[in-house]
Amino acid sequence: MKGITKIARQDILRISPYIPGEYEKGFIRLNANESPWKAPGDKTENGLNRYPPPRPTAINNLLSVEYQIKNEQIMITRGASEAIDILIRAFCEPKRDKILICPPTFDMYRLYAEIQGAYITKVPLLRNKDLSRDFSLDVENILKGCDKFTKIIFICTPNNPTGNSPNAKDIELIAEQQMNKSIIVIDEAYQEFSDSRSFIKLQKKFNNIVVLRTLSKFVSLAGVRCGSVIADNELIELLNKVLPPYTFPTPCIEEVKKALTKKSISSSRKKVEITRKEKKRFTDKLLKLPEIQNIWPSDANFFMAEVKNLEKIVTSARSQRILVRAFPNEPLLKNCLRITVGKKEENDALVQSIIDGG
Ligand SMILES: Cc1ncc(COP(=O)(O)O)c(C=O)c1O
Numbered sequence: 001m002k003g004i005t006k007i008a009r010q011d012i013l014r015i016s017p018y019i020p021g022e023y024e025k026g027f028i029r030l031n032a033n034e035s036p037w038k039a040p041g042d043k044t045e046n047g048l049n050r051y052p053p054p055r056p057t058a059i060n061n062l063l064s065v066e067y068q069i070k071n072e073q074i075m076i077t078r079g080a081s082e083a084i085d086i087l088i089r090a091f092c093e094p095k096r097d098k099i100l101i102c103p104p105t106f107d108m109y110r111l112y113a114e115i116q117g118a119y120i121t122k123v124p125l126l127r128n129k130d131l132s133r134d135f136s137l138d139v140e141n142i143l144k145g146c147d148k149f150t151k152i153i154f155i156c157t158p159n160n161p162t163g164n165s166p167n168a169k170d171i172e173l174i175a176e177q178q179m180n181k182s183i184i185v186i187d188e189a190y191q192e193f194s195d196s197r198s199f200i201k202l203q204k205k206f207n208n209i210v211v212l213r214t215l216s217k218f219v220s221l222a223g224v225r226c227g228s229v230i231a232d233n234e235l236i237e238l239l240n241k242v243l244p245p246y247t248f249p250t251p252c253i254e255e256v257k258k259a260l261t262k263k264s265i266s267s268s269r270k271k272v273e274i275t276r277k278e279k280k281r282f283t284d285k286l287l288k289l290p291e292i293q294n295i296w297p298s299d300a301n302f303f304m305a306e307v308k309n310l311e312k313i314v315t316s317a318r319s320q321r322i323l324v325r326a327f328p329n330e331p332l333l334k335n336c337l338r339i340t341v342g343k344k345e346e347n348d349a350l351v352q353s354i355i356d357g358g
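FYI, the numbering for the sequence shown is 1 to 358, going by this note's numbering.
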């Protein structure tokens, strides 16, 4: 232990990793108490009667190529959500350590911190009348808000639910100032929809930067639950002690392999382009309606709109069997809706429901 893992929970640092049973292709397996028969209807190559590998190394290999990193720098999790949980458990001692978040942001940081018994420092995003500069990071108060117990700072870029990407220089400054003190978890769940650069490359400069990615949005696999943590290899080694073995199911491994072929990735990239164009068409149409007051620029596959009568819009959308997301517990987003960019006909149905309800 020499680098950033120094600040992790001391008891976790001392845990010895679980040693899984041997797995050798072509060997008779009498070492894992599995059933020797495939279940009826099991068409999988490896058989669902067999445990998956302790870690889905085939996916590690594919994603390390996609993200241009070394194999030892990535850990696969069940969605980026699980990565958030594992990071908080590895770094935050209950009733002592803290995370810092910048609301309005993704609510799972709060949830997992509360489950772990970690404290939460909140430094709200800064407001600005100019929508393109609204919801920026309050760097000064983020740095002032950190003490020796602040182990993780979560920054979401593009941010859910506001859709903007915080200034990259602000994030770098925070990483630099918190070197050897906190890890900066940069949640890039929507990165592929944005023009800004990923923070993966900045890990060479700042070993306290941890990047989260997911296949839920870009490659359309939310149902498969595949996310990843990309970090310094020493940190990945530590996280591997906390993530239980055999968590990634065999059918999910097979689905991810299909989604990461060159052809599938290129089809996913085309869908990103379609989504970006559709976002422009959809928001232009919405902005013509008197019920819509503002739409913030968005780098993601969703956007946030400020509306005149939130209840009325939600109700008329619901009556047309359309769901949009409101944030009743978020003071900064009182009259705001987060709207995902769907297919053209789905988006038009929402526009029509607002017109009909008006
Ligand atoms: C910002 C952000 N991070 C992480 C996640 C979780 O993604 P996953 O589906 O990989 O768990 C989401 C899901 O919506 C998200 O919006």
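Don't be surprised by glycine CBs; every beta carbon is placed ideally from N, CA and C.
Nothing here was measured: the structure is a model prediction, and the numbers come from that model.
Have a look at the options and flag the residue whose alpha-carbon is nearest the alpha-carbon of residue i.
i: I186; options: A231, P249, T150, S220; result: A231
i: Y119; options: R110, E306, L125, R29; result: R110
i: C226; options: R197, A189, I236; result: A189
i: E72; options: T57, D85, I84; result: T57
i: L363; options: I355, S81, L125; result: The structure shown does not extend to residue 363, since the chain spans only 1 to 358, so no value can be given for it.
i: A32; options: P20, I313, S353; result: P20
i: K95; options: E330, T150, S64, R55; result: T150
i: L323; options: K308, N309, N347, S165; result: N347
i: I80; options: F193, V211, G26, W37; result: A quick correction: the sequence has Ala, not Ile, at residue 80. For the residues F193, V211, G26, W37, the minimum Cα distance to A80 belongs to V211.
i: S319; options: C252, Q352, E345; result: Q352
i: L221; options: M179, S182, S268, V242; result: S268
i: I152; options: A300, R213, S182; result: S182
i: R276; options: K344, R14, G117, V242; result: K344
i: V223; options: I236, K205, C252; result: According to the sequence shown, residue 223 is Gly rather than Val. Cα-wise, what sits closest to G223 is C252.
i: L245; options: A175, I76, A305; result: In the sequence as presented, Leu is not what sits at residue 245; that position holds Pro. Taking only the C-alpha atoms, the option nearest P245 is I76.
i: Y144; options: D134, K312, T121; result: According to the sequence as given, residue 144 is Lys; it is not Tyr. With distances taken between Cα atoms, K144 lies closest to T121.
i: N233; options: T283, S64, S196, K263; result: S64
i: T105; options: L137, K263, R50; result: L137
i: F248; options: P54, D11, E34, T5; result: P54
i: V272; options: S194, R127, N61; result: S194
i: L243; options: V229, V256, E254; result: V229
i: E255; options: F327, K279, S216; result: S216
i: K25; options: L13, Y51, W37; result: Y51
Mind checking residue i: buried by the 16 CB within 10 Å criterion, or exposed?
i: M1; result: Residue confidence for M1 is low, a pLDDT of 47 falling below 50, so the modelled location carries little weight; the figure read from the coordinates is stated next. The residue in question, M1, is exposed, as its Cβ has fewer than 16 Cβ neighbours within 10 Å.
i: A8; result: buried
i: S132; result: exposed
i: T162; result: buried
i: D85; result: buried
i: R89; result: buried
i: I155; result: buried
i: L350; result: buried
i: Q293; result: exposed
i: I15; result: exposed
i: T214; result: buried
i: Y18; result: exposed
i: F327; result: buried
Give me whichever residues DSSP pairs with residue i in a beta bridge.
i: Y377; result: This structure cannot settle anything about residue 377, because the visible part of the chain is limited to 1 through 358.
i: L30; result: Paired residue(s): none; L30 is not in a bridge.
i: L126; result: S136
i: G227; result: T77, T214
i: F302; result: T340
i: V65; result: DSSP, once it has assigned bridges, lists no residue as partnering V65.
i: R325; result: R338
i: F154; result: V185
i: I19; result: Answer by DSSP bridge pairing: none, since I19 is not bridged.
i: I209; result: I184
i: V307; result: I292
If you follow the alpha helix (DSSP H) that residue i is part of, which residue opens it and which one closes it?
i: G357; result: 344–357
i: D147; result: Element bounds for D147: n/a, residue is neither H nor E.
i: D170; result: 168–177
i: Q10; result: 10–14
i: P251; result: 250–259
i: V242; result: 233–242
Between which two residues does the beta strand (DSSP E) holding residue i run?
i: L337; result: 336–340
i: Q293; result: 292–295
i: D284; result: Segment 262–287 is the alpha helix (DSSP H) holding D284; no beta strand (DSSP E) there.
i: I184; result: 183–187
So with Cβ pairs under 8 Å, would you call residue i a contact of chain B?
i: L63; result: You won't find chain B in this structure, because it holds only one protein chain.
Sequence-ordered residues whose beta carbon comes within less than 5 Å of a heavy atom of ligand 1: G79, A80, S81, F106, C156, N160, D187, A189, T214, S216, G227
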